[in-house]
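Heads up, the thing below is written out as structure tokens.
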Amino acid sequence: MRAEFMVICLCAEWCGVCRDYASGFRSLAGQFTAAGFHWLDIEVHADYLGDLDVENFPTLLIKRGEKVLFYGTMPPAPAHLKRTLEAFAQQTGEESREYALSSVERRCWQDDMDLRRLGCDDRGRIVGQAPDVG
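Position 29 of the sequence shown, counting from 1, maps to 38 under my numbering, and the rest follow consecutively.
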């Protein structure tokens, strides 16, 4: 079953910050049942990223349905991601759509084929079947 929200952490196994962040990310997955949490290693799954260029870690992609709500780096503190997800969860679907189109940057995210392509199949697995966190 497809989750209402999708949270993808774009990280790398060699990155110490990513390894430290992983346990907090997994913990949040258990707290937000309306979200599918996925860990995508940018080197192992480079083919899934297209032209996305991940320069800093952790880089997060948060979607509600097909709408990209957030794409970028975030401090490696799970509490920051938790507050972000709580704010998005309080939005109605219409408010999320409006938010996704509320700035030039966010509108560009909606048109970015690589961001749009990253998603889940009907069984909730990340496109390309990258291993999920869970």
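Yeah, the Cβ is synthetic: ideal placement off N, Cα and C, and Gly gets one too.
Glu22 and Thr82 have their alpha carbons spaced roughly 17 Å apart. Just so you know, the alpha carbons of Glu13 and Ala43 end up roughly 6 Å apart. Distances from the CA of Lys76 to each of Met122, Ser36, Ala109 were compared; the closest alpha carbon is that of Ala109. Following the DSSP letters along the chain, one finds Leu90 inside the alpha helix (DSSP H) bounded by residues 87-99. Here Thr101 is exposed. Its C-beta has fewer than 16 other C-beta atoms within 10 Å. Annotation note: the segment 46-88 contains the following uninterrupted alpha helix (DSSP H) runs of length 4 or greater, listed N- to C-terminal: 55-58. Ser32 has its alpha-carbon roughly 32 Å from the corresponding atom of Arg116. A straight line joining the alpha-carbon of Ile71 with that of Ile17 spans about 7 Å. Here the C-alpha atom of Phe97 lies approximately 14 Å from the C-alpha atom of Ser111.
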